[in-house]
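Undergrad:
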Amino acid sequence: MSQVEKDADAIAQKLEQEGSSQKGEVVASSGKHSQVLVQNNENEFSAEDLHGNDTKILSLLNEEEGSNYSFKGMMRKLHIHQQSLARALHRLEEMGLVERAQAGYRLSKVGGTTAAAAAATARTRRSVIAVPKGREYMQLLQTYIPVDIRPAEIVRALVGKWFRNLRWVGLIESGTGFTLQWASDDGSFQINLRMVSDYVVIETNAASEREKLQAMVGSYAIYEQITKILQDRLAPANAYVLRQPALQQQQNN
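Here the UniProt record's numbering is used: position 118 in the sequence shown is 118, and no number is missing along the way.
(1) Given a cut-off of 9 Å on the beta-carbon distance, is the pair Met195 and Ile154 in contact?
(2) By Cβ distance below 6 Å, which residues in the same chain neighbour Ile229 in space, the five residues on each side in sequence not counted?
(3) How many whole angstroms separate the CB atoms of Asp185 and Asn165, which I take to be in contact at a CB cut-off of 8 Å?
(4) Between Tyr199 and Leu180, what straight-line distance do the alpha-carbon atoms span, to the nearest angstrom?
(5) Return the bridge partner residues of Arg167 from the DSSP annotation.
(6) Based on the DSSP secondary-structure assignment, which residues constitute the bridge partners of Ser108?
(7) Can you tell me the Cα-Cα spacing of Ser108 and Met75, whole angstroms?
(8) Have a look at Val110 and Gly187 and give me their C-alpha separation to the nearest angstrom.
(9) With Met195 as the anchor, note down where its alpha helix (DSSP H) starts and where it stops.
(10) Which of the three DSSP states, helix, strand or coil, is assigned to Asn68?
(11) Take Met138 and list the residues in its own chain whose beta-carbon comes closer than 7 Å to its own, dropping the five residues that flank it on each side.
(12) Is DSSP giving Gln225 helix, strand or coil here?
(13) Given that a residue counts as buried once 16 or more other Cβ atoms are within 10 Å of its Cβ, and exposed if not, what is Thr114?
(14) Under a Cβ-count criterion, where at least 16 other Cβ atoms within 10 Å of its own Cβ denotes burial, should Tyr144 be classed as buried or exposed?
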């Protein structure tokens, strides 16, 4: 590169940085390439500033309000390599779009707005492309939860747990209840546990007979865990009832 070209390049970079500074942008330059790190004084981000994996993560977390996904869960859902996912999440956390909670990663308030904008952009780009429908879910089990058992107690005991060949994916909390998600170890099907009102419903999108069999085995393992939770919760009351006749007999004697 000639000296004239170098000088022109340096002037162009300086002008770009000065223009960005007026908008509140922070620019990182390396050679001929510049990257906008912060968009403006109001911390607003454009969908154009996001990388491919960033958009995938935001779209997943924005599918349903109250979504929380574990790191491994996002790997299984999005089929993103571990290192690529880690870099994307770190980037989104630094931008303030994603935050870590006890149940996993979730959108921040700013992230929710950005995710909606990214989704609108994605819909516009693929408006002429036919999007295949996902698998349909079928119900495997349904059971009643006693009124004195809070759904949150069951959720806390199940979050992050693996059952048979089912790997934990994430949690969605909405105004109507909870949805807990697991995926098979090979990612071929998913199981959802929905807690609505006083009922637990377990469903799957398994397609082949082999997948359906694996889904049934896994769902029964989840059901056994729920049963254990209920038994442990009711054990003190049962023990009290069993002790009463013995105490009455001692008093009579």
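By construction, the Cβ of each residue, glycine as well, lies at the ideal position given by its N, Cα and C atoms.
TA: Working from what's here:
(1) For the pair Met195 and Ile154, the CB atoms are nearer than the 9 Å cut-off.
(2) Sequence-distant Cβ neighbours of Ile229 in its own chain, meaning closer than 6 Å and more than five residues away, are Ile154 and Ala157.
(3) Between Asp185 and Asn165, the beta carbon gap of about 5 Å places them in contact (Cβ cut-off 8 Å).
(4) Taking the straight line from one Cα to the other gives about 14 Å.
(5) When beta bridges are read from the DSSP output, Arg167 appears opposite Ala183.
(6) Ser108 pairs with nothing; no bridge assigned.
(7) In this model, Ser108 and Met75 are separated by some 20 Å (Cα to Cα).
(8) When rounded, the distance between both Cα atoms is 31 Å.
(9) Bounds of any alpha helix (DSSP H) do not take in Met195; it lies within the beta strand (DSSP E) bounded by Gln190 to Val196.
(10) Three-state DSSP puts Asn68 in a strand.
(11) Closer than 7 Å at the Cβ level, and outside the excluded window around Met138, lie Glu203 and Thr204.
(12) Three-state result, Gln225: helix.
(13) Burial call: buried.
(14) With fewer than 16 other beta carbons inside 10 angstroms of its own, Tyr144 counts as exposed.
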